[in-house]
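These notes are about the structure you will find just below.
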Amino acid sequence: MPKNNNAKQMNMIQAINSALDIKMSQDPDVLVFGEDVGYFGGVFRCTAGLQEKHGLHRCFDAPISEGGIVGTAVGMGAFGLRPVVEIQFADYIYPAFDQICSEAARLRYRSNGDFTAPITIRSPMGGGIHGGTSHSQSPEALFTHIAGIKTIIPSNPYDAKGLLLKAIEDNDPVVFFEPKRLYNGPFDGDLNKPVDSWANHELGQVPEGHYTIDFEKARMHKEGSELTILCYGTMVWVAEAAVRETGVSADIVDLRSLMPLDLETIVASVKKTGHCMILHEATRTSGFGAELSALVQEHCFYHLEKPIVRVTGWDTPYPHALEWEYFPGLERVSKSIIQMMEG
Amino acid sequence: MSSHKSSRKNISNLHVPEPLNRPGDTPDFSNLHMPDLVSDKTHTLPRPDPMVDAYETEELASGLVRVLTLDGRTKGPWDPKLDADTMRLGLRNMMLTRSVDKRMFTVQRQGKASFYMKSLGEEATAVATAMALKDTDMVFPSYRQQGLLLSRGYPLRDLMCQVLSNSGDKLEGKAIPICYSSREKAFYSIGASLGTQMSHAVGWAMGCAYKGTDGVSCAFTGEGATAEGDFHYALNFSSTYRAPAIINVVNNQWAISSFQGIAAGQSKTFAYRGLGFGLASLRIDGNDFLAVYAAIAWAAERARAGGGATVIEHFTYRKEGHSTSDDPSKYRAKEEPDAWPLGDPVDRLKEHLILIGEWDEERHAALEKELDAFVLKAYKEAESFGTLTTETGINPRTMFEKVYEEMPSHLKRQRQELGI
Ligand SMILES: Cc1ncc(C[n+]2csc(CCOP(=O)(O)OP(=O)(O)O)c2C)c(N)n1
Ligand SMILES: [Mg+2]
Numbered sequence: 029m030p031k032n033n034n035a036k037q038m039n040m041i042q043a044i045n046s047a048l049d050i051k052m053s054q055d056p057d058v059l060v061f062g063e064d065v066g067y068f069g070g071v072f073r074c075t076a077g078l079q080e081k082h083g084l085h086r087c088f089d090a091p092i093s094e095g096g097i098v099g100t101a102v103g104m105g106a107f108g109l110r111p112v113v114e115i116q117f118a119d120y121i122y123p124a125f126d127q128i129c130s131e132a133a134r135l136r137y138r139s140n141g142d143f144t145a146p147i148t149i150r151s152p153m154g155g156g157i158h159g160g161t162s163h164s165q166s167p168e169a170l171f172t173h174i175a176g177i178k179t180i181i182p183s184n185p186y187d188a189k190g191l192l193l194k195a196i197e198d199n200d201p202v203v204f205f206e207p208k209r210l211y212n213g214p215f216d217g218d219l220n221k222p223v224d225s226w227a228n229h230e231l232g233q234v235p236e237g238h239y240t241i242d243f244e245k246a247r248m249h250k251e252g253s254e255l256t257i258l259c260y261g262t263m264v265w266v267a268e269a270a271v272r273e274t275g276v277s278a279d280i281v282d283l284r285s286l287m288p289l290d291l292e293t294i295v296a297s298v299k300k301t302g303h304c305m306i307l308h309e310a311t312r313t314s315g316f317g318a319e320l321s322a323l324v325q326e327h328c329f330y331h332l333e334k335p336i337v338r339v340t341g342w343d344t345p346y347p348h349a350l351e352w353e354y355f356p357g358l359e360r361v362s363k364s365i366i367q368m369m370e371g
Numbered sequence: 528m529s530s531h532k533s534s535r536k537n538i539s540n541l542h543v544p545e546p547l548n549r550p551g552d553t554p555d556f557s558n559l560h561m562p563d564l565v566s567d568k569t570h571t572l573p574r575p576d577p578m579v580d581a582y583e584t585e586e587l588a589s590g591l592v593r594v595l596t597l598d599g600r601t602k603g604p605w606d607p608k609l610d611a612d613t614m615r616l617g618l619r620n621m622m623l624t625r626s627v628d629k630r631m632f633t634v635q636r637q638g639k640a641s642f643y644m645k646s647l648g649e650e651a652t653a654v655a656t657a658m659a660l661k662d663t664d665m666v667f668p669s670y671r672q673q674g675l676l677l678s679r680g681y682p683l684r685d686l687m688c689q690v691l692s693n694s695g696d697k698l699e700g701k702a703i704p705i706c707y708s709s710r711e712k713a714f715y716s717i718g719a720s721l722g723t724q725m726s727h728a729v730g731w732a733m734g735c736a737y738k739g740t741d742g743v744s745c746a747f748t749g750e751g752a753t754a755e756g757d758f759h760y761a762l763n764f765s766s767t768y769r770a771p772a773i774i775n776v777v778n779n780q781w782a783i784s785s786f787q788g789i790a791a792g793q794s795k796t797f798a799y800r801g802l803g804f805g806l807a808s809l810r811i812d813g814n815d816f817l818a819v820y821a822a823i824a825w826a827a828e829r830a831r832a833g834g835g836a837t838v839i840e841h842f843t844y845r846k847e848g849h850s851t852s853d854d855p856s857k858y859r860a861k862e863e864p865d866a867w868p869l870g871d872p873v874d875r876l877k878e879h880l881i882l883i884g885e886w887d888e889e890r891h892a893a894l895e896k897e898l899d900a901f902v903l904k905a906y907k908e909a910e911s912f913g914t915l916t917t918e919t920g921i922n923p924r925t926m927f928e929k930v931y932e933e934m935p936s937h938l939k940r941q942r943q944e945l946g947i
C-alpha cells in the first residue's frame, strides 16, 4: 500500500462514499441510483450526502425493482452514461439476474463491441449480522460463472475505494460486493472480542483523493512459508486470526478481484508453501473455492504436499438462530489448519 | 442545482419525484391524490354488485371507499352493517396486535431479538381482512400483517418464540423474526424477498379454481413492492385465468425512506393498476375498519362466484419506522404520523362504538390493560424457551434438516464435519 500523506481515517462506508463522490465530481456522466440511496443515503449510508451535493437527478431513489434498476442502468450505459447502482442486499440481486446475465454480460459480445454496458452494481453481501436466509448470502460464484461480468470483493476501506474507482472507470459491467460485516471494522468471527474499528487499522487510512487499484491483482495480506490461504472479504480477517492463533507461517492471499483473477500470485504462493487452504463464507458446492481448487490442482499439482482443503459455509440456506454454527469462523478455520499441518 | 435543466422548456428533463414533507417541514398532505374527506363524496361511492364488469369499478379505483366518517358515524352503501360484538372483536384484535408490537419492539431494543417490525396504524388492513374471510382462505401476507395471524387465534407464545428464534420456535430458528409460517392458520410462509409471493397467491387461487373449491387466496404487498415484476405477473395471470384471488396493496405512503411516488410515478392510485389488467379495483380508506371489512367481503364474494380477482389499495400510513433498524426522522417530517388526515384505525372504530353506545372509555382502558397483561404473560413464557442473545436452545443438527426432504450424503458429511 503506497504511503500517502493525504490519508484520512475512514471506515469502509466512508471509503465507498468518497469514491462515489470523487467520480461524480469528476465525471458528469456518473450517476447513482437504487433503493433508498437518494435523500436518505442508503440503508448502510454509503451514498449519504451525495444527493445534497451533486443534485437530485444524479443520486436518486429507484422503485423497488432490481430488474428495473439494472435494466435501466444497462440502457443508460449503452447510451453513454456511467451509472453506479446499488442493490440493497446481495440477497435481493436475483430479480436483476436476467438483466445481469443475459444483457449486461452479453451486450459487448453479441453486438461485437457496437454497444457496451459500463455499469457498476454495488451490493452488500455476507453474514455476521443475524440477517438469516435473506440478508446474509454470498452469491459471488453465480457471477464469476457468467462470462462478461467482473466480480470484485474488497476486504478493507483502502481497497474498497481504489477498487470502486477502478470499477466505475472500467468499461465492462462490474459486480462489486461489499462484505457488510466489515463496513465498520475488521471482523475475525470471534464474537467474544470487542468490536474492532477501522480506526485501529492501517487499511483504514485512506487517501482523500483519486487512486485506483488494478483488477486481477491479489493483495498479499500476510506472508509466510508453510501454508497458502486463499480468501477474500470477511474471511481475510478470520484467516489472519486463525494464523495468529495456530502460529502457522502462512501466506494470506486476499484475492479481492475474483474475476479477473490473479492466478500468478496464487500459483507462486502455493508452489512456495506446498499447502493450500481455501476459505469462503458462501456454500461449498460449486462455490468459488471449487474453481480455485481446480486451478491450483491444474497449475501446482507437483508442488502440493497435501490435498487442498476448503473451509466454507455449509450447503444449507443461511440459518438465523444458528448463524455462528454456519459461519466458517475462527474455531473451524484454526482446527482445519492444525489438522492440515499436523495430519 | 446549476446543471439541472428543469427550467428549460419544451425539452425532456430527468424528473425525480419528491415527497411532500421532509424533516423540518410542517406536514402537509394537501397534494395527495385524495378526495375531499369532509364532503360526502367518499361515502356516496356506489357499491356495485360483486359480479360487475371490472371496468365499472373505475370510480372506485380512483376514489376512496369509506364507511366511517371522521366523527365516528357510518355512512354510505359500503356499510357492512356489522353487529356490535363483531366490531368489538375487531377492536380487540387490533389492540392485541398493537400490544404485541409494542412488547416485541421493546424486546428487540433490549437486545433479546435481532429484529422486529411493527404495523402501527395499519392494523385494520390485516384484522378486518382476517375477519371478513373464512379462516380457511389462504393469506399470503407481507411482513406487516401480523394482525392476520393474531386474528386467527395463533398462539401468542408461538409468534413470540419465532421472533426470539428460540427452542419454542416452530421454524427452529431458520427464518428471521417476523417471517412466520402457519399452514394450520392458512397463513403462507413469509419470504423476505419482496413481491415474490404475489404470484404464489395467484397460483394457489388457480389451484382452488382447478379443483373447484370455493377457496379464495388473499395476497398482500406494500405499495413500494408493487414495482417488482412479480406484482405484474400476479395481475396478469389472475386476469388471464380469472383466479379467485384478492390482491391487496397496502399503501402506507412509505417504503423504508422512499415515498409512495417512487413506486407510483405519475399514476394517481395503485388500485388503478388493476384496471389496466382488466381486474376489478378498489381504493379504500385503510384506517377504516368497516371499509376494509366491506371491501374484502365484496372481493371474496366476487372471487367465490367466479368473477375473478380484485385489486384493493388500502390507503393508510406507516406510523413507525420501517423496522427496528430504521430511523424515520432522517427522511420524513416528525409530525407526519399525527397529521395523517385519515386518523388511526383503533381510535376510529373505538369512537364509532362509543357513539352508538356500545363502548366507553373505561372499558377501553380496561381492555388495554387486560391485553398488555395477557401479552406480557405470553412473553414471559416465550422467553423461558431462550433468546437469540442468551441461549437459543436450538439443536445445531437442525441446520442441515429441511434443506431437502431427505438429507443427501454431502450434507450428512458436512454435519459430521461440524461434529454433531
Ligand atoms: C427483492 C427485495 N428488494 C429489496 C428489499 C429490501 N426491503 C425490505 S422492505 C422494503 C420496503 C418495502 O416497502 P413497501 O412495499 O411499501 O412495504 P412497507 O414496508 O411499507 O410495508 C425494502 C426495499 C427486499 N426485502 N426484497
Ligand atoms: Mg409502504
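From first to last, the protein sequence lines stand for chains A and B. Read in order, the letters of the first sequence correspond to residues 29 to 371 in the working numbering. Read in order, the letters of the second sequence correspond to residues 528 to 947 in the working numbering. Ideal Cβ positions, reconstructed from N, Cα and C, are used throughout, including at glycine. Being a predicted model, the structure only gives us computed values, none of them experimental.
Query, Result
"Give the C-beta separation of residue 163/A and residue 702/B to the nearest angstrom, bearing in mind that I take them to be a contact with Cβ-Cβ under 8 Å.", "Their Cβ separation, rounded to whole angstroms, is 11 Å, which puts residue 163/A and residue 702/B out of contact at 8 Å."
"Which residue's Cα is closest to the Cα of residue 610/B: 895/B, 593/B, 583/B, 658/B?", "658/B"
"Report yes if the CB atom of residue 715/B is closer than 9 Å to the CB atom of residue 728/B, and no otherwise.", "yes"
"Using the DSSP secondary-structure output, state which residues sit across from residue 841/B in a beta bridge.", "777/B, 811/B"
"Terminal residues of the continuous alpha helix (DSSP H) containing residue 518/B?", "Nothing can be reported for residue 518/B, as the shown portion of chain B is limited to 528 through 947."
"Under 8 Å: do the region 169 to 184 of chain A and the region 323 to 330 of chain A share three or more Cβ pairs, one atom per stretch?", "no"
"With distances taken from CA atoms, which of 671/B, 751/B, 700/B, 592/B is nearest residue 920/B?", "700/B"
"How would you call residue 223/A, buried or exposed, if buried means at least 16 neighbouring beta carbons within 10 angstroms?", "exposed"
"Thinking just about the alpha-carbon of each residue, which of 643/B, 776/B, 655/B is nearest to the one in residue 614/B?", "655/B"
"Beta-carbon within less than 7 Å of residue 625/B's beta-carbon, same chain only, minus the 5 sequence neighbours each way: which residues are those?", "647, 650, 873"
"At a Cβ cut of 7 Å, what residues of the region 788 to 802 of chain B count as close to chain E, listed as they run along the chain?", "Here the protein chains are A and B, and chain E is not one of them."
"Counting only C-beta atoms, is residue 845/B closer than 9 Å to chain A at any point?", "no"
"When you measure from the CB of residue 234/A to every non-hydrogen atom of ligand 1, does any distance come out below 8 Å?", "no"
"Check whether the Cβ of residue 783/B lies closer than 9 Å to any Cβ atom in chain A.", "yes"
"According to DSSP, is residue 207/A part of a helix, a strand, or is it coil?", "strand"
"For a contact meaning CB atoms closer than 9 Å, what does residue 720/B contact in chain A?", "119, 120, 122, 123, 162"
"Cβ of residue 930/B less than 9 Å from any chain A Cβ?", "yes"
"Write down every uninterrupted run of the beta strand (DSSP E) in the region 161 to 219 of chain A whose length is 3 residues or greater and which is fully enclosed by it, in chain order.", "178 to 180, 202 to 207"
"Helix, strand or coil for residue 116/A, going by three-state DSSP, please let me know.", "coil"
"I'd like to know if residue 871/B contacts chain A, where contact means its C-beta is closer than 9 Å to some C-beta of that chain.", "no"
"Which residues in the same chain as residue 257/A place their Cβ atom closer than 6 Å to its Cβ, once the five residues preceding and following it in sequence are excluded?", "267, 278, 280, 305"
"What does DSSP give as the partner residues of residue 282/A in its beta bridges?", "247/A, 259/A"
"Taking residue 128/A as the reference, which of 103/A, 152/A, 194/A has the closest Cα?", "103/A"
"Could you name the residues of chain A that residue 941/B contacts, counting a contact when the two beta carbons are closer than 9 Å?", "312, 342, 343, 344"
"Quick check: the Cα distance between residue 172/A and residue 287/A, rounded to an integer number of angstroms?", "6 Å"
"Would you please verify whether the beta carbon of residue 701/B is less than 9 Å from any beta carbon of chain A?", "yes"
"From the DSSP output, which residues share a beta bridge with residue 879/B?", "Answer is none; residue 879/B lacks a bridge partner."
"Could you work out which residue in 814/B, 796/B, 731/B is closest to residue 808/B when comparing CA atoms only?", "796/B"
"May I have the straight-line CA-CA distance separating residue 583/B from residue 775/B, to the nearest angstrom?", "19 Å"
"Are the beta-carbon atoms of residue 694/B and residue 556/B separated by less than 9 Å?", "no"
"Quick check on DSSP: helix, strand or coil for residue 338/A?", "strand"
"In three-state terms, what does DSSP make of residue 601/B?", "strand"
"If you measure from the beta carbon of residue 176/A to each beta carbon in chain B, is any gap under 9 Å?", "no"
"Of the choices 692/B, 679/B, 603/B, 675/B, whose alpha-carbon is the least far from that of residue 641/B?", "692/B"
"Less than 9 Å between the C-beta atoms of residue 545/B and residue 67/A, yes or no?", "yes"
"Using Cβ-Cβ distances below 9 Å, what residues of the region 729 to 755 of chain B are close to chain A?", "749, 751, 752, 753, 754, 755"
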